[in-house]
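Which chain is which? The protein sequence lines are A and B, in order.
Counting in my numbering, the first sequence runs from 11 upward without gaps.
Counting in my numbering, the second sequence runs from 11 upward without gaps.
Just so you know, even glycine gets a beta-carbon here, dropped at the ideal spot from N, CA and C.
Keep in mind that this is a model prediction, so the values were computed, not measured.
Okay, structure first, notes after.
Protein chains: 2
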Amino acid sequence: MMKTPAKSSEGALVLFSGGQDSTTCLFWAKKHFSSVKALCIEYGQKHSLEVELARKIAEEADVPFQLLDASVIGGLSANSLTDPDIEMDEEKPERSCPNTFVPGRNIFFLTFAAVIARNHGIRNLVTGVSQTDFSGYPDCRDTFIRSLNVSLDLAMEEQFIIYTPLMWLDKKQTWELADRMGVFDLVKEKTLTCYNGIPGQGCMKCPACKLRKEGLDKYLEEKSW
Amino acid sequence: MMKTPAKSSEGALVLFSGGQDSTTCLFWAKKHFSSVKALCIEYGQKHSLEVELARKIAEEADVPFQLLDASVIGGLSANSLTDPDIEMDEEKPERSCPNTFVPGRNIFFLTFAAVIARNHGIRNLVTGVSQTDFSGYPDCRDTFIRSLNVSLDLAMEEQFIIYTPLMWLDKKQTWELADRMGVFDLVKEKTLTCYNGIPGQGCMKCPACKLRKEGLDKYLEEKSW
Numbered sequence: 011m012m013k014t015p016a017k018s019s020e021g022a023l024v025l026f027s028g029g030q031d032s033t034t035c036l037f038w039a040k041k042h043f044s045s046v047k048a049l050c051i052e053y054g055q056k057h058s059l060e061v062e063l064a065r066k067i068a069e070e071a072d073v074p075f076q077l078l079d080a081s082v083i084g085g086l087s088a089n090s091l092t093d094p095d096i097e098m099d100e101e102k103p104e105r106s107c108p109n110t111f112v113p114g115r116n117i118f119f120l121t122f123a124a125v126i127a128r129n130h131g132i133r134n135l136v137t138g139v140s141q142t143d144f145s146g147y148p149d150c151r152d153t154f155i156r157s158l159n160v161s162l163d164l165a166m167e168e169q170f171i172i173y174t175p176l177m178w179l180d181k182k183q184t185w186e187l188a189d190r191m192g193v194f195d196l197v198k199e200k201t202l203t204c205y206n207g208i209p210g211q212g213c214m215k216c217p218a219c220k221l222r223k224e225g226l227d228k229y230l231e232e233k234s235w
Numbered sequence: 011m012m013k014t015p016a017k018s019s020e021g022a023l024v025l026f027s028g029g030q031d032s033t034t035c036l037f038w039a040k041k042h043f044s045s046v047k048a049l050c051i052e053y054g055q056k057h058s059l060e061v062e063l064a065r066k067i068a069e070e071a072d073v074p075f076q077l078l079d080a081s082v083i084g085g086l087s088a089n090s091l092t093d094p095d096i097e098m099d100e101e102k103p104e105r106s107c108p109n110t111f112v113p114g115r116n117i118f119f120l121t122f123a124a125v126i127a128r129n130h131g132i133r134n135l136v137t138g139v140s141q142t143d144f145s146g147y148p149d150c151r152d153t154f155i156r157s158l159n160v161s162l163d164l165a166m167e168e169q170f171i172i173y174t175p176l177m178w179l180d181k182k183q184t185w186e187l188a189d190r191m192g193v194f195d196l197v198k199e200k201t202l203t204c205y206n207g208i209p210g211q212g213c214m215k216c217p218a219c220k221l222r223k224e225g226l227d228k229y230l231e232e233k234s235w
């Protein structure tokens, strides 16, 4: 996690889905930057409820919310997040990416974020990707993010700074961060992480719910010591 | 220009707009790969004629043609290619990108190409960007392309190879290459490079037409020696 020594006078744009991770990042950004904008990208996920929850959380955080329709991404390739005919992998296959993988997703997301941030004179981008709970998504790794940061800078002749406050945190530590930011209850009750579209504790069966619950249990155990 | 020693048994996907450069690349790819696909990306350009011309050229080249609607890109930021209210810069401004610059365009284009190529089991991507007639577009530079190649590989855990046959050619040499590929007349008569949407020699006024004509005159002069 990159430290910003004091609250920056600059603005930041947060890639925001309304899930546990990006909600924690949204409040992290509010602590570290003088102004924050939330960018929510819709790309044909099955659960449009996700967007409505995200909008409400942004409202509660008093952060301007922009929704971008990028459904072209969802149509590019077969994956279980955007294609209702594909059943979701409950476990990661041993030798390949899980079929929830939307190829290129984080390139698209961060490039959209960079172009829109640039329009607002903002160079700070925040995303909730994490290498720790890697789950088989190659575009969540730190090396990828650093490489794309260079590609974005070269493409637009700008100097973007991609912040990844969760990169080296496991899910337990992400709950801890939410607590430190003062939004433990909000994250626990109002965010949607579940692949099956159920807010809060979710379906308890998909990989995202399992990770979320494991981390929460560990954090609550540690806290109760 | 990267050399491929003999005709590869692999396939290639060409980013294809129907302009001089990408048409030359399409025929270059046909010489170097056993099968070729053309991907045309529409992103809210003013001239949909461009797409129809591209489709006809691909047909003439006997290459499968895929059109991708990525109009989300055109709506991201103000530029004269996609916004009819902005008048096009006829000369490049001294200190900034020309207002025909669509920020992030080549990241989006090459990432779309990579995801679609991956669906077909293709790792070779061909694009007509050139650093020589740089014209102020940072995302046409070789360094950017190499950086993005790494980002794409990391994002999808694949090994893509981006070919840029025109990278170090000036417009005169691009005409020469078209001639060597046996498509000089086709490129001269049927491609559309003009920002104002006029095929062949174009409007003769926009920066693209000026570059095209300068190169053609030089090449014809050299050829007549």
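What is the DSSP secondary structure of residue i, counted as helix, strand or coil?
i               : result
E186 of chain A : helix
K47 of chain A  : strand
P161 of chain A : The sequence shown places Ser at residue 161 of chain A, rather than the Pro named in the question. Helix.
V193 of chain A : coil
L202 of chain B : coil
V125 of chain B : helix
F119 of chain A : helix
G146 of chain A : coil
V24 of chain B  : strand
S58 of chain A  : coil
E52 of chain A  : strand
L230 of chain A : helix
I172 of chain B : strand
L77 of chain B  : strand
Can the beta-carbon of residue i be found less than 8 Å from the beta-carbon of residue j?
i               : j               : result
M191 of chain A : P148 of chain B : no
A71 of chain B  : L120 of chain B : no
A22 of chain A  : V136 of chain A : yes
I126 of chain B : V139 of chain B : no
S27 of chain B  : N129 of chain A : no
A68 of chain B  : F118 of chain B : no
S157 of chain A : S157 of chain B : yes
N116 of chain A : Y173 of chain A : no
Can you tell me which of the options puts its alpha carbon nearest to the alpha carbon of residue i?
i               : options                        : result
A64 of chain A  : A:G225, A:G210, A:L158, A:E20  : A:G210
L77 of chain B  : B:L25, B:F194, B:V46, B:V112   : B:L25
G225 of chain A : A:I132, A:K181, A:C219         : A:K181
L202 of chain A : A:S58, A:A39, A:K47            : A:S58
L187 of chain A : A:S19, A:Q30, A:E20, A:C50     : A:Q30
K228 of chain B : B:G146, B:L86, B:Y173, B:W185  : B:W185
A123 of chain A : A:D152, A:T153, A:E52          : A:E52
E168 of chain B : B:F111, B:I132, B:P175         : B:I132
K66 of chain A  : A:V82, A:N134, A:A48, A:A39    : A:A48
V193 of chain B : B:T174, B:A39, B:S18           : B:A39
T33 of chain B  : B:C50, B:C219, B:S81           : B:C50
Q183 of chain A : A:E232, A:K220, A:S19          : A:E232
L1 of chain B   : B:T142, B:R115, B:M214         : Residue numbering for chain B in the displayed model covers 11 to 235; residue 1 of chain B lies beyond these limits and cannot be assessed.
V82 of chain B  : B:P113, B:K215, B:T174, B:E62  : B:P113
M177 of chain B : B:C150, B:M214, B:F170, B:D189 : B:C150
E20 of chain B  : B:G146, B:I171, B:E62, B:N116  : B:I171
A218 of chain B : B:S234, B:W235, B:G146         : B:G146
D189 of chain B : B:F75, B:W235, B:L230          : B:L230
Can a CB atom of chain A be found closer than 8 Å to the CB of residue i?
i               : result
T203 of chain B : no
A124 of chain B : yes
I236 of chain B : The structure shown does not extend to residue 236 of chain B, since chain B spans only 11 to 235, so no value can be given for it.
R117 of chain B : Strictly speaking, residue 117 of chain B in this sequence is Ile, with Arg absent from that position. By this cut-off, I117 of chain B is an interface position.
L226 of chain B : no
A48 of chain B  : no
T121 of chain B : yes
S157 of chain B : yes
Using a Cβ-Cβ distance under 8 Å, would residue i count as near chain B?
i               : result
L23 of chain A  : no
G114 of chain A : yes
P148 of chain A : yes
L164 of chain A : yes
E167 of chain A : yes
L63 of chain A  : no
T174 of chain A : no
D152 of chain A : no
L86 of chain A  : yes
S27 of chain A  : no
S58 of chain A  : no
V160 of chain A : yes
V82 of chain A  : yes
Return no unless some Cβ of chain C is closer than 8 Å to the Cβ of residue i.
i               : result
N129 of chain B : Included in the structure are the protein chains A and B, with no chain C among them.
What do you reckon, is the C-beta of residue i under 7 Å from a heavy atom of the ligand HEM?
i               : result
L158 of chain B : The ligand HEM is not part of this structure, which contains no ligands at all.
Counting beta carbon pairs with one atom in the region 162-182 of chain B and one in the region 197-213 of chain B, are three or more of them shorter than 8 Å? Cβ pair count under 8 Å is below three, so no.
Evaluate contact between the region 181-197 of chain A and the region 43-50 of chain A, counting only Cβ atoms and requiring at least three cross-stretch pairs below 8 Å. No, they do not touch.
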